[in-house]
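Position one of the sequence shown corresponds to residue 1 (the UniProt record's numbering), numbered consecutively onward. Below is one structure, written out as structure tokens; comments come after it.
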Amino acid sequence: LHQDSSMHTHAQIVLTDGVRIMFNRYDTDYSGTIADDELRSLLADLGGTEPTDDELQSAMRELDGDGTGDVNYDEFLPWWRQVGISRVFGLYDEDHTGTIDLHEIPKLMHGLG
1 LHQDSSMHTH AQIVLTDGVR IMFNRYDTDY SGTIADDELR SLLADLGGTE PTDDELQSAM
61 RELDGDGTGD VNYDEFLPWW RQVGISRVFG LYDEDHTGTI DLHEIPKLMH GLG
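This is the structure we're talking about:
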């Protein structure tokens, strides 16, 4: 039981660190927040196409919990855990089996940079 708990804690740390890396990748002006143009890039990378202005504004409303017009890390983290990871997973699960198969790993590794 202790080992399972320890592994779960380690997985949470790794996932949180990964989210911070992802957040920083799109915070291109190093402001500590993701603004409209940065969110547009993130959504384009996740969806494979440039989001429309309506889609961008809808996403900003969903993410910007404090109404400042940009997304801070504390707003980004729960959204990414809920939505972002499943979208990214879908990009690499090309055969839609619900798993990342051996032949899909090279694309995943390349995408992670």
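All C-beta atoms, glycine included, are put in the ideal place defined by N, C-alpha and C.
Item	Value
Could you round the C-beta distance between TRP80 and MET22 to whole angstroms and report it? I think they count as a contact, below 8 angstroms.	7 angstroms
Cα separation between GLY32 and THR99?	33 angstroms
Would you call the region 61–70 in contact with the region 87–96, where contact means no fewer than 3 C-beta pairs closer than 8 angstroms?	no
Starting from residue 114 and walking both ways along the alpha helix (DSSP H), at which residues does that stretch end?	What the structure shows of the chain is the stretch from 1 to 113, and residue 114 is not part of that stretch, so it cannot be assessed.
In whole angstroms, what is the alpha-carbon distance linking THR49 and SER41?	10 angstroms
Of all Cβ atoms in chain B, is any one closer than 9 angstroms to the Cβ of GLY47?	The displayed structure is made up of one protein chain only, and chain B is not part of it.
Taking MET60 and LEU39 to be in contact with their CB atoms under 8 angstroms, please state how far apart those CB atoms are, rounded to whole angstroms.	6 angstroms
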